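Data first, discussion second: the structure below is written as structure tokens.
Residue numbers (the numbering used here): 31 to 258.
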């Protein structure tokens, strides 16, 4: 099937402003899909690209019991710097990401701590979401990271779009993500969760990514891509 006629079509990619690359494997081979995404993410984190944290709330960090945090988590939290051009966007250095990559593999930073209910005396585990991790990469480096990871014969990788990539975000964070589609550079923003990679970029870059990924999927044995 020619790339121009394949799904997701160009109109949907431009409409939703993103690409979703998802890995799937049969239940007996479930770890394969997770391992493939983790390998791509590891390649991205080892690079020298910028990393940002979207949706970070410093007030939450102030309420954490620092004594209960691991040294790695404290180091990561201390490495955040606020972006001067966007108040709720935080950046952290690539060296921190490379050293602490296990903390970033889920795509979101969560801190879990034990809390004691004063009225009952019972202890529960409280989870605080501190932000969504994004890698800012180039078009070429993004394709290299994805295409250089081998696909197992029982693994299916498919391309589609997220209809609402802004779900669960506050308005300022959602607004920043929406602004990515107006980028004129070939820079790409990549997030991940479970067994999927979410890719955002300017319109021209997204179209090029779509074409390259569809061509790659067709030659790698993963010939299916799906409409919205």
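Just so it is clear, CB atoms sit at the ideal spot from N, CA and C, and this is done for glycine as well. Just so you know, these numbers come straight off a predicted model, no measurement behind them.
ask   = When you compare only the Cα positions, how much space is there between residue 253 and residue 247?
value = Numbered from 1 along the chain shown, position 223 holds the residue referred to as residue 253. Numbered from 1 along the chain shown, position 217 holds the residue referred to as residue 247. Below a pLDDT of 50, predicted positions are generally treated as unreliable, and residue 253, at 43, falls in that range; the measurement from the model is reported next regardless. If you draw a straight line from the Cα of residue 253 to the Cα of residue 247, it comes to about 6 Å.
ask   = Where are the alpha helix (DSSP H) runs, 4 residues long or more, that stay fully inside the stretch 42–117, in chain order?
value = The qualifying runs are 60–75, 88–92 and 101–108.
key: Extent of the continuous alpha helix (DSSP H) to which residue 208 belongs   = Numbered from its first residue, the chain shown carries residue 208 at position 178. Taken as a continuous stretch (DSSP letters only), the alpha helix (DSSP H) holding residue 208 covers 201–209.
message = With a threshold of 7 Å on Cβ separation, who are the neighbours of residue 68 within its own chain once the five nearest residues in sequence on each side are excluded?
response = The sequence position of residue 68 within the chain shown is 38, counting from 1. Correct list, in chain order: 135.
Cα-Cα separation between residue 190 and residue 147, rounded to whole angstroms = Position 160 of the chain shown, counted from the start, is the residue given in the question as residue 190. Position 117 of the chain shown, counted from the start, is the residue given in the question as residue 147. Their Cα atoms are separated by approximately 44 Å.
key: Which residues DSSP lists as bridging residue 176, in chain order   = Position 146 of the chain shown holds residue 176. Note: residue 176 sits in no beta bridge, so no partner.
query = How is residue 213 classed by DSSP in three states: helix, strand or coil?
reply = Numbered from its first residue, the chain shown carries residue 213 at position 183. Residue 213 falls in the coil class under three-state DSSP.
query = Which residues bound the beta strand (DSSP E) around residue 190?
reply = Working through the chain shown from its first residue, we reach residue 190 at position 160. 186–190 is the span of the beta strand (DSSP E), which, as asked, contains residue 190.
request  = Report, in whole angstroms, the separation of the C-beta atoms of residue 179 and residue 73, which I expect to be a contact under 8 Å.
outcome  = Indexing the chain shown from 1 puts residue 179 at position 149. Indexing the chain shown from 1 puts residue 73 at position 43. Right, the Cβ-Cβ distance comes to about 7 Å (below 8 Å), so this counts as a contact.
message = Counting C-beta neighbours from all protein chains within 10 Å, is the total for residue 155 16 or more, i.e. buried, or is it exposed?
response = Position 125 of the chain shown, counted from the start, is the residue given in the question as residue 155. It counts as exposed.
ask   = Does DSSP put residue 193 in a helix, in a strand, or in coil?
value = Walking along the chain shown from the start, residue 193 turns up at place 163. Coil.
query = If you run the structure through DSSP and keep just helix, strand and coil, what is residue 226?
reply = Sequence index remark: in the chain shown, residue 226 carries index 196 (1-based). Note: residue 226 maps to strand in three-state DSSP.
query = Expressed to the nearest angstrom, what Euclidean distance is found between the alpha-carbon atoms of residue 183 and residue 77?
reply = Residue mapping note: residue 183 aligns to position 153 of the chain shown, counting from 1. Residue mapping note: residue 77 aligns to position 47 of the chain shown, counting from 1. The alpha-carbon atoms of residue 183 and residue 77 are separated by roughly 27 Å.
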